[in-house]
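Participant: What follows is a structure written as structure tokens; I'll ask about it next.
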Amino acid sequence: PSKQSSLMSFFGKR
Amino acid sequence: MLEGKFETASTMKKVIEAIKDSVKLCNLNCSQNDGITVQAIDDSRVLLIALKLDPSCFQEFRCDKDLVLGLDLESLSKILRQGNPEDYLTLIAEDSPDSLLIVFEDSKKDRISEFSLKLMDIDSDVLTIDEMEHDCAITLPAAAFAKVARDMKTLSESLQILVTKDSVKFKADGSIGTGSVILRARTNLDDTKESILIDLNKPVNLTFGAKYLNDIVKATPLADTVTIKLTDKAPAMFEYKLQGGFLRYYLAPKFED
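Encoded structure:
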């Protein structure tokens, strides 16, 4: 029951 | 014009094999100062690949004008498999190219093979990755990490990594049971690439998707060791150093729901 996080929540779009 | 000649085809062959299962399409950015760089994100937006091949990675390198070469990696892989690892490999592109020329040379056997690969327009997000503060950095033999990642995937789709100042523990909790592997920090002065080094600011306990870790360890043939940088509640960085460059993977962690 662990949820995969997304890179988008950590890195900003250039 | 781009002309990049590798002393052996093996680096490029291994790099493409290491990333083609994670990303299907990517842009190769070419410039005189930086050589060839790639940033690519997998479709699920969980794994990011950053490749840097400095001009020093090449026997000869020139790039008169910055170029972006959009490639289908499965197609590139098909062509790269045509050359032997010890062949010279040269990548050639015109200033406004619609194809990439790939040349293998075996100087001993007087064999030259030439392939042209069609280029594509690829629209991809580019993310800004700042140099991150990390809670710990682990350097260990790449093969040892690959074995743990492959073995533990058979137990569970998640792998927990717990780091203290003197050990790294990998834990899997699956439907058939549980498993753990502990690797203790050690310095091997006779064979430094066999060492397990832990640089710890703060103990770490993070969970990652086993599938993605298994994609990452496809880079194992590229380097003797892998360095893993971990930070609480942030993507982990896995680095395979190349002669004059690197292949890095950034992997977003899993969190308790």
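Chains A and B, in that order, give the protein sequences. Residues in the first sequence are numbered consecutively from 1229, following this note's numbering. Residues in the second sequence are numbered consecutively from 159, following this note's numbering. Glycine included, C-beta positions come from ideal geometry on N, C-alpha and C. Since the structure is predicted, the reported quantities are computational estimates derived from the model, not experimental observations.
1. Compare the Cα-Cα distances from Lys-236 of chain B to each of B:Val-362, B:Asp-382, B:Leu-400 and B:Met-170 and report the closest residue.
2. Suppose the cutoff is 6 Å on Cβ atoms and the five residues either side in sequence are ignored; what does the same chain contact list for Ser-314 of chain B look like?
3. Along chain A, in chain order, which residues have C-beta atoms closer than 8 Å to that of Ala-410 of chain B?
4. Listed from N- to C-terminal order along the chain, which residues in the stretch 236 to 263 of chain B have their beta-carbon within a distance smaller than 7 Å of any beta-carbon of chain A?
5. Could you give the distance in angstroms between the alpha-carbon of Leu-223 of chain B and the alpha-carbon of Ser-168 of chain B?
6. In angstroms, rounded to a whole number, what distance separates the CA positions of Asp-288 of chain B and Ile-319 of chain B?
7. Taking CB distances under 9 Å as the criterion, tell me whether Pro-299 of chain B reaches chain A.
8. Specify whether the stretch 263 to 271 of chain B and the stretch 361 to 380 of chain B touch according to this definition: at least 3 beta carbon pairs, one from each stretch, less than 8 Å apart.
9. Per DSSP, what kind of secondary structure is Lys-327 of chain B in: helix, strand or coil?
10. Can you tell me whether DSSP reads Ala-198 of chain B as helix, strand or coil?
11. Can the beta-carbon of Leu-298 of chain B be found less than 9 Å from the beta-carbon of Leu-347 of chain B?
12. Is Glu-414 of chain B close to chain A? Criterion is C-beta to C-beta, closer than 9 Å.
13. For Pro-379 of chain B, name the three-state secondary structure that DSSP assigns.
14. On a Cα-Cα basis, can you pick out the residue from B:Gly-162, B:Met-290, B:Glu-161 and B:Ala-176 that is closest to Ile-381 of chain B?
15. In terms of residue numbering, what span does the beta strand (DSSP E) encompassing Asp-230 of chain B cover?
16. Please confirm if Asp-357 of chain B has its CB atom under 9 Å from at least one CB of chain A.
17. Check the Cβ of Ser-282 of chain B against every Cβ in chain A and list those closer than 8 Å, keeping chain order.
18. Identify which residue in B:Asp-373, B:Lys-412 and B:Lys-391 has its Cα closest to the Cα of Leu-405 of chain B.
Facilitator: Per the coordinate set shown:
1. Here residue 236 of chain B corresponds to residue number 78 of the second sequence, with the count starting at 1. Per the Cα distances, B:Met-170.
2. Residue mapping note: residue 314 of chain B aligns to position 156 of the second sequence, counting from 1. Excluding positions up to five away in sequence, the list reads Ala-330, Asp-331 and Gly-332.
3. The count along the second sequence starts at 1 and reaches residue 410 of chain B at position 252. Under the 8 Å cutoff, chain A gives Gln-1232, Ser-1233, Ser-1234, Leu-1235, Ser-1237 and Phe-1238.
4. none
5. Here residue 223 of chain B refers to the residue found at position 65 of the second sequence. Here residue 168 of chain B refers to the residue found at position 10 of the second sequence. A quick correction: the sequence has Lys, not Leu, at residue 223 of chain B. Whole-angstrom Cα-Cα distance: 26 Å.
6. By one-based count along the second sequence, residue 288 of chain B stands at place 130. By one-based count along the second sequence, residue 319 of chain B stands at place 161. Looking at the two C-alpha atoms, the distance is approximately 23 Å.
7. Position 141 of the second sequence, counting from 1, holds the residue named residue 299 of chain B. With 9 Å as the cut-off, Pro-299 of chain B does not count as an interface residue toward chain A.
8. No, the stretch 263 to 271 of chain B is not in contact with the stretch 361 to 380 of chain B.
9. The residue you call residue 327 of chain B lines up with position 169 of the second sequence. DSSP places Lys-327 of chain B in strand when its eight states are reduced to three.
10. The residue given as residue 198 of chain B occupies position 40 in the second sequence. Strand at Ala-198 of chain B.
11. Locating residue 298 of chain B in the second sequence gives position 140, counting from the first residue. Locating residue 347 of chain B in the second sequence gives position 189, counting from the first residue. No, they are not a contact pair.
12. Locating residue 414 of chain B in the second sequence gives position 256, counting from the first residue. Yes, because at least one Cβ of chain A sits closer than 9 Å to the Cβ of Glu-414 of chain B.
13. Locating residue 379 of chain B in the second sequence gives position 221, counting from the first residue. Pro-379 of chain B carries a helical assignment under DSSP once its states are collapsed to helix, strand and coil.
14. Taking the second sequence and counting its residues from 1, the one referred to as residue 381 of chain B is at position 223. Checking the displayed sequence, the identity of residue 381 of chain B turns out to be Ala instead of Ile. With distances taken between Cα atoms, Ala-381 of chain B lies closest to B:Ala-176.
15. Here residue 230 of chain B is taken as the residue at index 72 of the second sequence, counted from 1. Residues 225 to 230.
16. Working through the second sequence from its first residue, we reach residue 357 of chain B at position 199. Chain A, which has no Cβ nearer than 9 Å to the Cβ of Asp-357 of chain B, makes this no.
17. Here residue 282 of chain B refers to the residue found at position 124 of the second sequence. By Cβ distance, chain A contributes nothing, its closest Cβ being about 11 Å from Ser-282 of chain B, past 8 Å.
18. As a position in the second sequence, residue 405 of chain B is number 247, starting the count at 1. Checking every option, the nearest Cα to that of Leu-405 of chain B belongs to B:Asp-373.
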